[in-house]
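My numbering puts the first residue of the sequence shown at 374, with every later residue one more than the last.
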Amino acid sequence: MKNVYFGLITVLICQLGLAQIEHGGFPFALEFENKNTQIPTYTTPEIDLKLVEQEDAVTDQYKETMYRFGIDHEVDVDFFELANTVIHKERIISRLQIYCPDARSVNFLVDDFYLPEGSQLFVYSPNGEEIKGAFTAENNRENRIFPVGLVGGDQIVIEYSAPLNSEDAS
């Protein structure tokens, strides 16, 4: 039993070390637009759920094998190329929706992450009920890796905004 508690404590400490600090606020686009406004959607590849179930049936037989939490999809998405961009109140606001068929929740990792001063990043559910952020330049890391925690459902909206006069506003 002590090993279970030690394992849980270790996992929690590791999660705290990777956690991103959210700086509060509210996504700009949700303030001035109808929440149902159409925005471009990137759809991830579909998962072969039958294959996943077959793999899980095998690994579930072994106690030393951890249960599957999620399925990684390595994608190469150029956010600014695909996003819808508008100018509102001296800010450039870009949004892109990500759709992951059959997902119960979505989280992701950005491998070349940098936010300039004055910019903000939000990740939220399409209905705006679940919001992560704001993430700011304070979230930049030396290794440029940025993990974003779980948002329930099979879709997320990524919103980036920067001051209109910012050098890095694109």
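Ideal Cβ placement from N, Cα and C applies to all residues, glycine included.
message: Just list the residues that DSSP pairs Pro536 with in beta bridges.
response: Arg464
task: Indicate whether Leu488 and Asn513 have their beta-carbon atoms separated by less than 7 Å.
output: yes
query: Going by other Cβ atoms of all chains shown within 10 Å of its Cβ, with 16 needed for buried, is Gln493 buried or exposed?
result: buried
- prompt: Curious, which full-length alpha helix (DSSP H) runs of at least 4 residues does the stretch 405-479 contain?
  reply: 422-432, 452-455
task: Measure the alpha-carbon distance for Phe452 versus Arg477 and round it to whole angstroms.
output: 23 Å
task: Could you check what DSSP says for Leu403 in three-state terms: helix, strand or coil?
output: helix
message: Whole angstroms are fine: how far does the CA of His461 sit from the CA of Ser337?
response: Because the chain in this structure spans residues 374 to 543, residue 337 falls outside the shown range and cannot be described.
field: Residues near Ala542 in its chain [Cβ-Cβ closer than 6 Å; skip 5 each side]
entry: Unreliable placement is indicated for Ala542, whose pLDDT of 47 sits below 50; the coordinate value is still reported in the next sentence. Cβ within range, chain order: Ile465, Ala535.
field: Exposed unless 16 or more other CB atoms sit within 10 angstroms - verdict on Glu463
entry: exposed
- request: Return the CA-CA distance between Asp475 and Ile420, expressed in angstroms with no decimal places.
  value: 8 Å
message: Rounded to the nearest angstrom, what separates Tyr435 and Val425 at their Cα positions?
response: 16 Å
- prompt: Relative to the alpha-carbon of Ser467, which residue among Leu482, Ile444, Arg441, Phe495 has its alpha-carbon at the smallest distance?
  reply: Phe495
task: For the beta strand (DSSP E) containing Gly398, list its first residue and its last residue.
output: Unbroken run through Gly398: none, as it is neither H nor E.
query: Cβ of Ile460 less than 7 Å from any chain D Cβ?
result: Going by chain labels, chain D is absent from the structure shown, which holds only one protein chain.
- request: Kindly identify the DSSP beta-bridge partner or partners of Ile518.
  value: Note: Ile518 sits in no beta bridge, so no partner.
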